[in-house]
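Quick notes on the structure that follows.
2 protein chains.
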Amino acid sequence: MTMPESPLTSPRPVADLTSALDVLREDGGRVSSSRRALLTVLFDMDAPRSVEQIASAAVPPLDVPSTYRTLERLEQVGLVRHVHLGHGPGLFELASIDDREYAWCESCNKASSIDRAKIDAARDLIEKATGHRPRFGHFPLIGLCPECIAKEDAEA
Amino acid sequence: MTMPESPLTSPRPVADLTSALDVLREDGGRVSSSRRALLTVLFDMDAPRSVEQIASAAVPPLDVPSTYRTLERLEQVGLVRHVHLGHGPGLFELASIDDREYAWCESCNKASSIDRAKIDAARDLIEKATGHRPRFGHFPLIGLCPECIAKEDAEA
DNA sequence: TTCCTAACTGCGAGGCGGTTGCAATAGCGT
DNA sequence: ACGCTATTGCAACCGCCTCGCAGTTAGGAA
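Taken in order, these protein sequences are the chains called C and E. Numbering-wise, the working numbering comes out as the position in the first sequence, counting from 1, plus 651. Numbering-wise, the working numbering comes out as the position in the second sequence, counting from 1, plus 651.
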C-alpha cells in the first residue's frame, strides 16, 4: 500500500457485501474466503479501525501483512479508504457515498468528522484565498476544536 | 520527543548561535560541544531537514537518538520546531520570527510554504465555517496545488 | 469434473522512524 | 580542582508497515 500514499482513487461506494465482491471481480480480483471475511468486518464497523483491529476481528483472524495488501487492493478499487487520525496507525473504513472529512484537535487529541456543508463552503473559500484546494479525508484538518479554543481564550 | 506531539510551545526566535546558546543556558540547559555543533547545522540550513540529515551534517556527526533528544529540548525552549511534510520523517528547523506554514500537494507530493496573509485568511475562513481553528505549521494544509487543480480540471 | 495457472495467503524477516536504558563523559557551580 | 548531574553515545527495542517466498486456492480452460 505504501500506506502514506494518498488515496487519489475515486470512491466506489457499495451497499452490501455482495456488491462489494462484484466490484472486486469486475476489477479482475478473486473472491477468497479471506476477502469475504475482511469485507464482512468492514461492513460491521461503525468507525475507522486499524489493520490490527480489523485483522483480529475477522473470523478466522487474518494475517496482518496480508490484510494490508488486501486493503490496499480494495482501496485501489475504491471500496475502501484510510485516514490518519492523530498519531497511531492508519485507520481504514469502507468508502461511503458521502466520504467523511475529519478534524483533529492538537490539544485534546480527539477527532471529529466535519459537517459536509460546512467543509465544502470552507474549501471553496480557501481555494479562492490561497489557490490551494484542501481535502481533509486522508489527513485531517489539524488545529484546535471549538472547546479547546474556548479554553485557550479563557486562559489568555 | 514523542515526535508526533504538537509543539504548543511558543517560538523563541534568535538571530545567531550565541543568542541561541544563551537561551538554552537561561533555561538551565548546558552548552555542550554537541549542542553547539547541532545548532551550527541548524543555522546553516535553508529548509527543514530530517534528524538523520541533521545528525550526519554535524561535525563530528552526532548520534541520532541524542539528536532527537536535543531537538526535543530545543523545541521545548522554543528555538526549534518541526513539520510533517508528506510521509517521511519529521523535519526540523529553527523557529523563526515569522514561522512558515505549509501546504502539501497530494498529487505531485510537493510542499510549498504559503504566504502569511493568505494562510491567515484561510484559517479565519475555516474557523468561521467549521468552528475549528487550524494550524498549518506542524501539519500542513493538504490538498491540491494550483497546478494540479488545473491538470485535474483539464482531464475532467 | 479435472487440470492449470496466476492470484492470493500466511509466515518470517526486514526496514524505517523514533524511543528507552544505561554506563561513560563532561559542563559548570563551588 | 572537585563533585554533582546533565548530556552523550551505544545498543537494544518498539510500532507500523513492507517484502519475499513457498504453499494454497479461485476460477477459466480442456
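We put the CB at the ideal spot given by N, CA and C, even for glycine. Bear in mind the structure is a predicted one, so any value in this text is a computation, not a measurement.
Here the alpha carbon of E798 (chain E) sits roughly 13 angstroms from the alpha carbon of A754 (chain E). For E677 (chain C), the enclosing alpha helix (DSSP H) begins and ends at L668 to E677.
The Cβ atoms of D749 (chain E) and G788 (chain E) do not sit closer than 7 angstroms to each other.
In this structure the stretch 718-736 of chain E does not touch the stretch 764-773 of chain E; the number of beta carbon pairs closer than 8 angstroms is below three. Cα atoms of D678 (chain E) and P785 (chain E): separation of roughly 30 angstroms, rounded to the nearest angstrom. Counted as a single uninterrupted DSSP element, the alpha helix (DSSP H) harbouring R686 (chain C) occupies residues S684 to D695. By the neighbour-count definition (other C-beta atoms within 10 Å, threshold 16), L722 (chain E) is a buried residue. Annotation for M696 (chain C): E744 place their beta carbon closer than 7 angstroms to its own, counting only its chain and skipping 5 residues before and after.
Following the DSSP letters along the chain, one finds I705 (chain E) inside the alpha helix (DSSP H) bounded by residues V702 to A708. Bridge pairing for F790 (chain C): absent [DSSP]. Look at the stretch 704-783 of chain E and you find these whole runs of alpha helix (DSSP H), each 4 residues long or longer: 715-728 and 767-781. Nearest in C-alpha terms to G741 (chain C), of all of C:V682, C:A698 and C:R663, is C:A698. Straight across, the Cα-Cα distance linking R720 (chain E) with S684 (chain E) is about 15 angstroms. Linking K761 (chain C) to H783 (chain E) through their CA atoms gives a straight-line distance of about 12 angstroms. One Cα belongs to L736 (chain C), the other to V682 (chain E), and the distance between them is close to 38 angstroms. Taking C-beta atoms under 8 angstroms as the contact rule, A709 (chain C) and A688 (chain C) qualify, at a distance of about 4 angstroms.
Listed in chain order, the non-local C-beta contacts of I770 (chain E) below 7 angstroms within the same chain comprise E752 and F787, local neighbours out to five positions each way being set aside.
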